[in-house]
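As given, the protein sequences belong to chains B and Y, one line each in that order. Convert by adding 225 to the 1-based position in the first sequence; the result is the number in our numbering. Convert by adding 1090 to the 1-based position in the second sequence; the result is the number in our numbering.
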Amino acid sequence: MANKILDIIDLKREFKMGSETVRALKGVSFSVDAGEFVTIMGSSGSGKTTLLNILGCLDKPTDGKYLLDGADVKSLSRNELAKLRNRKIGFVFQSYNLLARTSALENVELPLLYNADVPTKERREKAMHALEAVRLADRMDHMPNQLSGGQQQRVAIARSLVNEPVMILADEATGNLDTRTSYEIMALLQELNSKQGLTIVFVTHENDIAVFSSRTVTLKDGRVIKDVKNENVHSAKDALAALPVEKDDQKLPVEKDDQK
Amino acid sequence: MNVFNLLSLAWKALSRNKIRTFLTMLGIIIGVGAVITMVSIGEGSKESIRSQLSSMGSNMLTIRPFSNSTIGGGARLGSTGLQTLKVEDAVTIQKQASYITDVSPAVSTSGQAINASLNWPTSLQGVSPSYLNIRDWKLQSGISFTDDDVATSSKVCLLGQTVVNNIFTGGENPVGKVIRFKKIPLKVIGVLEKKGENTFGQDQDDIILAPYTTVQKRILAITYVQTIYASAVDEKSSDTATKEVSAILRANHKLKYSEIDDFTVRTQAELISTMSSTSQLLTVLLTAIAAISLLVGGIGIMNIMYVSVTERTKEIGLRMAIGARGIDILLQFLTEAILISITGGVIGVVLGISASKLVTVFLSWPTLVSEYSVILSFAVCAITGVFFGYYPAQKASRLDPIEALRYE
Chain B
226 MANKILDIID
236 LKREFKMGSE
246 TVRALKGVSF
256 SVDAGEFVTI
266 MGSSGSGKTT
276 LLNILGCLDK
286 PTDGKYLLDG
296 ADVKSLSRNE
306 LAKLRNRKIG
316 FVFQSYNLLA
326 RTSALENVEL
336 PLLYNADVPT
346 KERREKAMHA
356 LEAVRLADRM
366 DHMPNQLSGG
376 QQQRVAIARS
386 LVNEPVMILA
396 DEATGNLDTR
406 TSYEIMALLQ
416 ELNSKQGLTI
426 VFVTHENDIA
436 VFSSRTVTLK
446 DGRVIKDVKN
456 ENVHSAKDAL
466 AALPVEKDDQ
476 KLPVEKDDQK
Chain Y
1091 MNVFNLLSLA
1101 WKALSRNKIR
1111 TFLTMLGIII
1121 GVGAVITMVS
1131 IGEGSKESIR
1141 SQLSSMGSNM
1151 LTIRPFSNST
1161 IGGGARLGST
1171 GLQTLKVEDA
1181 VTIQKQASYI
1191 TDVSPAVSTS
1201 GQAINASLNW
1211 PTSLQGVSPS
1221 YLNIRDWKLQ
1231 SGISFTDDDV
1241 ATSSKVCLLG
1251 QTVVNNIFTG
1261 GENPVGKVIR
1271 FKKIPLKVIG
1281 VLEKKGENTF
1291 GQDQDDIILA
1301 PYTTVQKRIL
1311 AITYVQTIYA
1321 SAVDEKSSDT
1331 ATKEVSAILR
1341 ANHKLKYSEI
1351 DDFTVRTQAE
1361 LISTMSSTSQ
1371 LLTVLLTAIA
1381 AISLLVGGIG
1391 IMNIMYVSVT
1401 ERTKEIGLRM
1411 AIGARGIDIL
1421 LQFLTEAILI
1431 SITGGVIGVV
1441 LGISASKLVT
1451 VFLSWPTLVS
1461 EYSVILSFAV
1471 CAITGVFFGY
1481 YPAQKASRLD
1491 PIEALRYE
């Protein structure tokens, strides 16, 4: 099944900084099929943030083509882009971006609020299902500051799933988490990828996170320098089991995370 | 998003910052409360002035005969001795005019009023029972004469306070006594309330009222009437009533189109204009106060909404990333501003009404909470919310999601 979720062809993005023109992307081409788990790697300045913004329909390319689930993003208006983000993409951010003083359930409901196709009655139910999928059914009424970093990121993943998008776009989603919690998140993403066939595009600069994906695209100076299938996908679950056991139950918040 | 979602969203956002929301609202609350209290004090005093003026008969019409013809050496007749007004005219006006409530024919004469050994020069006014309504004159004791008394020309009368003081010795009850006026005995059946002097310093209480038929037949031996008094429905319709009365009288007197009126209708125009200019000044002043206080309240809302938009930049970025359109963000912030102003408005209305009641209770100033002041200040409030909330909301809706997400 070679259904292309993402298809970018010779993508270019230039920024005008005063009299200078910065070429952040200099012609990037690749495509992602349905059900793939792709990591996009690159050091800072490689253009991965710019690429991520374009993939997330938050920004438009200067030149080149970007097809998201068959729709040509370049021709769309601001409002159409918003609709596309709402229906087709689930964002997971490094700093979770949960609304403070708002319960986990209400945070997960948020994307449904902007989806006119979901009636008010179904909203709560869908959000509950999404929270069950990330195994947080017992924390629905907790506020973000009552949750650990890992739990907050799981709420964010539930939020990204709730509109049944064609792709999850994660931006350094494990960047604020310790190794154990990072592996937990990766295990969750792997599970969603294998069980539900969810397409995941994961932007990171950490090599040991990339090993959990099925393919790695490496960017450097605005170009793709490497695009390899990962023959030996590590299981995050196994990696988690191999970690030295701490005496605390892993379900309890093991570290106090100040980030909100 | 539907209205319910917007409202619940705004409610949650506002309840997260209760103190700030309340302080912002306070500007509106004080503004609206002050306007309503002021207007009700203003309306209260206006109403008390109005009722005082009404007691002087501000809606009274006076109809007198008029002639432009001359006699002998060219002296014009005016209204002296003219006999053109009849009782029938008063009856027709009463029947046909829709802007007139009460009509009374009137004839008057002056002479000595005598009781036992005391006498006093005064005037006797022959009127119908509705004259008391027209003048808004109450009885202090006894009863008024009736239409039956008019029909039978009965020899009864009502005495003014000055007359009572001069022909009855202290403590004596005049009701039931018989006085004489120009040799005609008249039974006193009631005493009028004290009315004081009119604007020209005339003593209005120096009078005796009797059925007009009694005065016409038993004292003056005439069939015409000298004056017709009528009251318009209210001050405002005085002019309309005047036109109506003129038309009726012209028809009654069978005047041709080319002929001038053989009567004049006068209103209390001076009283009315004084009254309306006073109330107009009051309205202008209060409107100015309302505008200023709501402007200040509105600026408060705008200020807080700006702070709120800046503070919640990241939230706005997130909402946009997960699919909020510009209009969704705009409506969200606009709803918050409107919710603040309308809630403030409601509290302000309640506060204003209670404050007016307190003013009446503790300062015993008359107050009147008028519907228009409540509706007006509430409407201005809602408009303030939209007007001052729009600009910050628009700013929020135009944020770039990428920059907003990275905002710290």
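Think of the CB as a built atom: it goes at the ideal place given N, C-alpha and C, for glycine as much as any other residue.
Based on DSSP bridge pairs, tell me the residues matched to residue i.
i: Y:Lys-1176; result: Y:Tyr-1314
i: Y:Gly-1232; result: Y:Gly-1280
i: B:Gln-377; result: Answer is none; B:Gln-377 lacks a bridge partner.
i: B:Asp-232; result: B:Ser-256, B:Leu-292
i: B:Ala-395; result: B:Val-317, B:Phe-427
i: B:Gly-422; result: In the DSSP output, where bridge partners are listed per residue, B:Gly-422 has none listed.
i: Y:Ser-1188; result: Per DSSP, none; premise fails for Y:Ser-1188.
i: B:His-262; result: Position check: residue 262 of chain B holds Phe in this sequence, whereas His was assumed. B:Ile-425, per the DSSP bridge assignment.
i: B:Thr-441; result: B:Thr-264, B:Val-453
i: B:Thr-246; result: B:Lys-241
i: Y:Gln-1041; result: Past the boundaries of the shown model lies residue 1041 of chain Y; chain Y is included only from 1091 to 1498, so the question cannot be answered.
i: Y:Ala-1203; result: Y:Trp-1210, Y:Phe-1271
i: Y:Thr-1072; result: It is not possible to answer for residue 1072 of chain Y, since the shown part of chain Y is limited to 1091 through 1498.
I'd like to check one pair, residue j with residue i: are the Cβ atoms closer than 8 angstroms?
i: Y:Val-1246; j: Y:Ile-1279; result: yes
i: B:Val-436; j: B:Ile-265; result: no
i: Y:Glu-1283; j: Y:Gln-1370; result: no
i: Y:Pro-1219; j: Y:Thr-1242; result: no
i: Y:Gly-1475; j: Y:Ala-1427; result: yes
i: B:Phe-316; j: Y:Ile-1419; result: no
i: B:Glu-334; j: B:Arg-348; result: yes
i: Y:Leu-1151; j: Y:Ala-1322; result: yes
i: Y:Val-1240; j: Y:Val-1281; result: no
i: Y:Asn-1205; j: Y:Lys-1267; result: yes
i: B:Leu-323; j: B:Val-359; result: no
i: B:Ser-460; j: B:Gln-415; result: yes
i: Y:Ser-1213; j: Y:Ile-1120; result: no
i: B:His-494; j: B:Gly-267; result: Since the first and last residues shown for chain B are 226 and 485, residue 494 of chain B lies out of range.
i: B:Val-263; j: B:Val-426; result: yes
i: Y:Asp-1351; j: Y:Phe-1156; result: yes
i: B:Ala-296; j: B:Leu-309; result: yes
i: B:Leu-465; j: B:Leu-394; result: no
i: B:Leu-261; j: B:Arg-440; result: The displayed chain sequence assigns Glu, not Leu, to residue 261 of chain B. Yes.
i: Y:Ser-1148; j: Y:Glu-1325; result: yes
i: Y:Ile-1153; j: Y:Val-1470; result: no
i: Y:Leu-1099; j: Y:Gln-1422; result: yes
i: B:Thr-274; j: B:Arg-238; result: no
i: B:Met-392; j: B:Thr-345; result: no
i: Y:Leu-1495; j: Y:Leu-1408; result: yes
i: Y:Ser-1446; j: Y:Ile-1126; result: yes
i: Y:Lys-1307; j: Y:Asp-1295; result: no
i: Y:Thr-1182; j: Y:Asn-1342; result: yes
i: Y:Thr-1330; j: Y:Tyr-1189; result: yes
i: Y:Ile-1416; j: Y:Ser-1487; result: According to the sequence displayed, residue 1416 of chain Y carries Gly and not Ile. Cβ atoms of Y:Gly-1416 and Y:Ser-1487: closer than 8 angstroms.
Please look up how many angstroms separate the CB atoms of residue i and residue j, rounded, as I've assumed it's under 8 angstroms.
i: Y:Val-1315; j: Y:Ala-1187; result: That belief does not hold up - the Cβ atoms of Y:Val-1315 and Y:Ala-1187 are roughly 17 angstroms apart, past 8 angstroms.
i: Y:Val-1129; j: Y:Ser-1460; result: 6 angstroms
i: Y:Gly-1134; j: Y:Leu-1375; result: About 15 angstroms separates the two Cβ atoms, so there is no contact after all.
i: B:Ala-383; j: B:Leu-402; result: Going by Cβ atoms, the distance from B:Ala-383 to B:Leu-402 rounds to 16 angstroms, so no, they are not a contact pair.
i: Y:Ala-1320; j: Y:Val-1305; result: Not quite, the Cβ-Cβ distance comes to about 19 angstroms (not below 8 angstroms), so this is no contact.
i: B:Gln-378; j: B:Tyr-321; result: 6 angstroms
i: Y:Leu-1429; j: Y:Trp-1101; result: 7 angstroms
i: B:Ser-283; j: Y:Ile-1492; result: The sequence shown places Leu at residue 283 of chain B, rather than the Ser named in the question. So it is a contact: roughly 5 angstroms between Cβ atoms.
i: B:Leu-337; j: B:Ala-325; result: So it is not a contact: roughly 20 angstroms between Cβ atoms.
i: B:Ile-230; j: B:Val-257; result: 5 angstroms
Can you list, in chain order, the residues of the stretch 1409 to 1422 of chain Y whose Cβ is nearer than 9 angstroms to any Cβ on chain B? Here the close residues are Arg-1409, Met-1410, Ala-1411, Ile-1412, Gly-1413, Ala-1414, Arg-1415, Gly-1416, Ile-1417, Asp-1418.
Along the stretch 276 to 292 of chain B, where does the CB come closer than 8 angstroms to a CB of chain Y? Name the residues. Against chain Y - using a Cβ distance shorter than 8 angstroms - the residues of the stretch 276 to 292 of chain B are Asn-278, Gly-281, Leu-283, Asp-284.
Closer than 7 angstroms, Cβ to Cβ, to anything on chain Y: give me those residues from the stretch 318 to 330 of chain B, in chain order. Result list: Asn-322, Leu-324, Arg-326.
Residues, ordered as in the chain, of the stretch 441 to 470 of chain B that lie near chain Y by beta-carbon distance below 7 angstroms: When C-beta distances to chain Y are compared with 7 angstroms, every residue of the stretch 441 to 470 of chain B stays at or above that value.
Anything in the stretch 1105 to 1123 of chain Y with a Cβ closer than 8 angstroms to a Cβ of chain B? List those residues in chain order, please. Listed by position along the chain: Arg-1106.
If the cut-off is 8 angstroms on Cβ atoms, which residues from the stretch 1473 to 1497 of chain Y count as contacting chain B, listed in chain order? For the stretch 1473 to 1497 of chain Y, the set of positions with a beta-carbon nearer than 8 angstroms to some beta-carbon of chain B reads Pro-1491, Ile-1492, Leu-1495 in chain order.
Taking any Cβ of chain B, which residues in the stretch 1371 to 1405 of chain Y have a Cβ under 8 angstroms from it, in chain order? The stretch 1371 to 1405 of chain Y vs chain B, Cβ under 8 angstroms: Lys-1404, Glu-1405.
Residues, ordered as in the chain, of the stretch 329 to 358 of chain B that lie near chain Y by beta-carbon distance below 9 angstroms: Listed in sequence order: Glu-331, Leu-335, Pro-336, Leu-338, Tyr-339, Asn-340, Ala-341, Thr-345.
With 8 angstroms as the C-beta to C-beta threshold (strictly closer), list the residues of the stretch 387 to 404 of chain B near chain Y in chain order. Against chain Y - using a Cβ distance shorter than 8 angstroms - the residues of the stretch 387 to 404 of chain B are Asn-388.
Using a Cβ-Cβ cutoff of 9 angstroms, what residues of the stretch 238 to 265 of chain B are near chain Y? List them in chain order. If you check each beta-carbon in the stretch 238 to 265 of chain B against every beta-carbon of chain Y, none falls closer than 9 angstroms.
Check each residue of the stretch 307 to 318 of chain B: if its Cβ is closer than 9 angstroms to any Cβ of chain Y, include it; give the result in chain order. Within the stretch 307 to 318 of chain B, the residues whose Cβ lies closer than 9 angstroms to some Cβ of chain Y are Ala-307, Lys-308, Leu-309, Arg-310, Asn-311, Arg-312, Ile-314, Gly-315, Phe-316, Phe-318, listed in chain order.
Residue ranges of each alpha helix (DSSP H) run of no fewer than 4 residues wholly in the stretch 1306 to 1350 of chain Y, ordered along the chain? DSSP runs (the alpha helix (DSSP H)) wholly in the stretch 1306 to 1350 of chain Y: 1328 to 1342.
Which parts of the stretch 1390 to 1467 of chain Y are runs of the beta strand (DSSP E), unbroken and 3 residues or longer, counting only runs that do not cross its ends? With a minimum length of 3 residues, no continuous beta strand (DSSP E) run stays inside the stretch 1390 to 1467 of chain Y.
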